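2 protein chains.
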Amino acid sequence: MKILYDISMTIHPGMMVWKNYEKKKVHFSVDSDFATGTVHETRISINAHTGTHIDAPLHVYENGATLDAIPAERLIGPARVVDFTNVSPSIGREHLEPLGLQPGEWLLIKTTDSFNETDTFNREFVFLNAEGAAYLAGTGISGVAIDALGIERDQPGYPTHKALFDAGILIVEGVRLKDVPEGRYTFLVAPLKLKGTDGAPARAFLLGD
Amino acid sequence: MKILYDISMTIHPGMMVWKNYEKKKVHFSVDSDFATGTVHETRISINAHTGTHIDAPLHVYENGATLDAIPAERLIGPARVVDFTNVSPSIGREHLEPLGLQPGEWLLIKTTDSFNETDTFNREFVFLNAEGAAYLAGTGISGVAIDALGIERDQPGYPTHKALFDAGILIVEGVRLKDVPEGRYTFLVAPLKLKGTDGAPARAFLLGD
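Residue numbers (this note's numbering), protein chains in the order written: chain A, 1 to 209; chain B, 1001 to 1209.
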């Protein structure tokens, strides 16, 4: 068992955040350094939906389930990385049906967003549309991960998130797949174990034997 | 491949922090909720050495290496969980030598600290002493994880940290091993991918086939 790919975004002040909103930015500060103490300790202020992260239903549903309701066992599983870099503006049923997705697996969606290595969020990112999500809800897959910071845009009421959550499908956003060929892997997503939140920043890997 | 044990501390305001210092506490706030927006998003303010976390040499060495210098491949590997719950006040060479540690493996140190399920830090925690660390430096092991929030206490100049870092041995603190029997596992530690910091909070698992 080894790590084949680290598919996590690097977290730093100035990194890309949703719609480039100032209030969503990352801040680092210093709790202790060698001038004020005997150790160096950084403090991080971070929105739970920064960089590579997992969503919980509370993100879009008032009184929705929180992150701690996700069993650890769900955070690892067989996965398929699928190249959708030639699809735009959105991924729908017609793109997903031919894949023959199997219950229990993860779908990792690779779009052109994986190739955006700037610190600027692209508002025109390719997304999973509501019809595509409704289709996935019937497949029994375990989760969907996408490279963009969001799995949908410009869909009032967040129907993509809701169709997936209603089916018990996990949602991971902000994975980096530029260097990852299409194929089958073991996916592991490791969100911080936050209590009662709407999501959590995560480290994510693709593992091989 | 499955997750056998989630050995991460739960992160929340009020959780145990080093020496119960106010300035090291965790804070949650709200960047958006259903009164002010259309989604719920929590912001977390957290010291990099909170809960289950990994240290980088910068933590104790001015101009030391930062977290991003740790290759992802080092974050997973064979591990031994060893029960030291009957040892106090510190773990030394005499406790470690009989283990016959092998190059490349992780040592996970289980002390009475794993059974402290309160939110109060125990200043008398059992630690790895300087002599024990100097012994480990010669074994070629990959890393050491301990359940306490620190791997040493009351040793001016941090000789335990320094002996391990000088030997290229990784240090993880704050794992929870109460439910884990002694034995051999695959250990995976997934720190947030922070740029330029002295450490990072992490999710940590013990995996089985």
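Backbone N, C-alpha and C fix where the C-beta goes; we use that ideal spot for every residue, glycine too. Nothing here was measured: the structure is a model prediction, and the numbers come from that model.
inquiry  = Pop quiz: threonine 56/A and threonine 160/A are said to be a contact at Cβ under 8 angstroms. What is the actual Cβ separation, rounded to whole angstroms?
reply    = According to the sequence as given, residue 56/A is alanine; it is not threonine. Not confirmed; about 15 angstroms, so no contact.
task = Check whether the Cβ of serine 1114/B lies closer than 8 angstroms to any Cβ atom in chain A.
result = no
9 angstroms Cβ cut-off: residues of chain B touching valine 60/A = Thr1038, Val1039 and His1040
ask   = Any idea what DSSP makes of lysine 1023/B, helix, strand or coil?
value = helix
key: Cα-Cα separation between lysine 1110/B and isoleucine 1007/B, rounded to whole angstroms   = 11 angstroms
query = Three-state secondary structure (DSSP) at serine 114/A?
reply = helix
query = In chain A, which residues lie with their C-beta within 8 angstroms of the C-beta of arginine 1043/B?
reply = Ser45, Ile46, Asn47 and Ala48
request  = Return no unless some Cβ of chain A is closer than 8 angstroms to the Cβ of aspartate 1119/B.
outcome  = no
request  = Quick one: grab the DSSP three-state call for tyrosine 1185/B.
outcome  = strand
Inter-stretch contact (C-beta, 8 angstroms, three-pair minimum) for the region 1159-1175 of chain B and the region 1134-1141 of chain B = yes
ask   = Between the region 1182-1207 of chain B and chain A, which residues of the former have a C-beta closer than 9 angstroms to a C-beta of the latter?
value = Thr1186, Leu1188, Val1189, Ala1190, Pro1191, Leu1192, Lys1193, Leu1194, Lys1195, Gly1196, Thr1197, Asp1198, Gly1199, Ala1200, Pro1201, Ala1202, Arg1203, Ala1204, Phe1205 and Leu1207
inquiry  = Can you check whether the C-beta of methionine 1009/B is within less than 8 angstroms of a C-beta belonging to chain A?
reply    = yes
message = Between phenylalanine 1127/B and arginine 1153/B, how many whole angstroms is the CB-CB distance? I'm expecting something under 8 angstroms.
response = 5 angstroms
key: Bounding residues of the beta strand (DSSP E) (the contiguous stretch that carries glutamate 173/A)   = 170-173
ask   = Can you find a CB in chain A that lies within less than 8 angstroms of the CB of alanine 1163/B?
value = no
task = Please work out which residues of its chain come closer than 6 angstroms, Cβ to Cβ, to threonine 1052/B, disregarding the five sequence neighbours upstream and downstream, and give them in chain order.
result = Ser1008, Met1009, Gly1174, Val1175, Ala1202 and Ala1204
task = Mind checking which residues open and close the alpha helix (DSSP H) that includes aspartate 1006/B?
result = Per DSSP, aspartate 1006/B belongs to no alpha helix (DSSP H); it is in the beta strand (DSSP E), 1002-1006.
request  = Reducing DSSP to helix, strand and coil, say where glutamate 1131/B ends up.
outcome  = helix
query = Which residues bound the beta strand (DSSP E) around aspartate 68/A?
reply = Taken as a continuous stretch (DSSP letters only), aspartate 68/A belongs to no beta strand (DSSP E), as it is neither H nor E.
key: DSSP three-state assignment for alanine 137/A, whether helix, strand or coil   = helix
key: Min CB distance glutamate 1173/B to chain A below 8 angstroms   = no
message = If the cut-off is 8 angstroms on Cβ atoms, which residues from the region 71-86 of chain A count as contacting chain B, listed in chain order?
response = Ala72, Glu73, Leu75 and Ile76
query = From the beta carbon of isoleucine 1003/B, is the nearest beta carbon of chain A less than 8 angstroms away?
reply = yes
query = Excluding sequence positions up to five away, which residues of its chain have a Cβ less than 8 angstroms from the Cβ of threonine 120/A?
reply = Met16 and Asn20
key: Range of the contiguous beta strand (DSSP E) that encloses aspartate 55/A   = 53-55
message = Taking only three categories from DSSP, how would you classify alanine 72/A?
response = helix
task = Can you have a look at threonine 1066/B and say buried or exposed, based on whether 16 or more other CB atoms are within 10 angstroms of its CB?
result = buried
message = Which residue marks the beginning of the alpha helix (DSSP H) containing alanine 163/A, and which one marks its end?
response = 159-166
request  = Figure out for me which residue from Leu101/A, Pro103/A, Asp147/A and Phe28/A has the closest Cα to the Cα of asparagine 122/A.
outcome  = Asp147/A
Own chain residues within Cβ distance below 7 angstroms of glutamate 131/A, not counting five before or after = Gly92 and Arg93
inquiry  = Could you check whether the Cβ of aspartate 6/A sits closer than 8 angstroms to any Cβ belonging to chain B?
reply    = yes
ask   = Whose Cβ in chain B lies nearer than 8 angstroms to the Cβ of histidine 12/A?
value = Leu1194, Lys1195 and Gly1196
task = Just tell me which of Ile169/A, Thr112/A, Val180/A and Pro71/A has its CA closest to the CA of leucine 149/A.
result = Thr112/A
message = Can you tell me where the beta strand (DSSP E) holding arginine 1203/B begins and where it ends?
response = 1199-1208
task = Can you give me the start and stop residues for the alpha helix (DSSP H) that arginine 1093/B sits inside?
result = 1093-1096
ask   = Quick one: Cα of aspartate 1083/B to Cα of alanine 190/A, how far?
value = 26 angstroms
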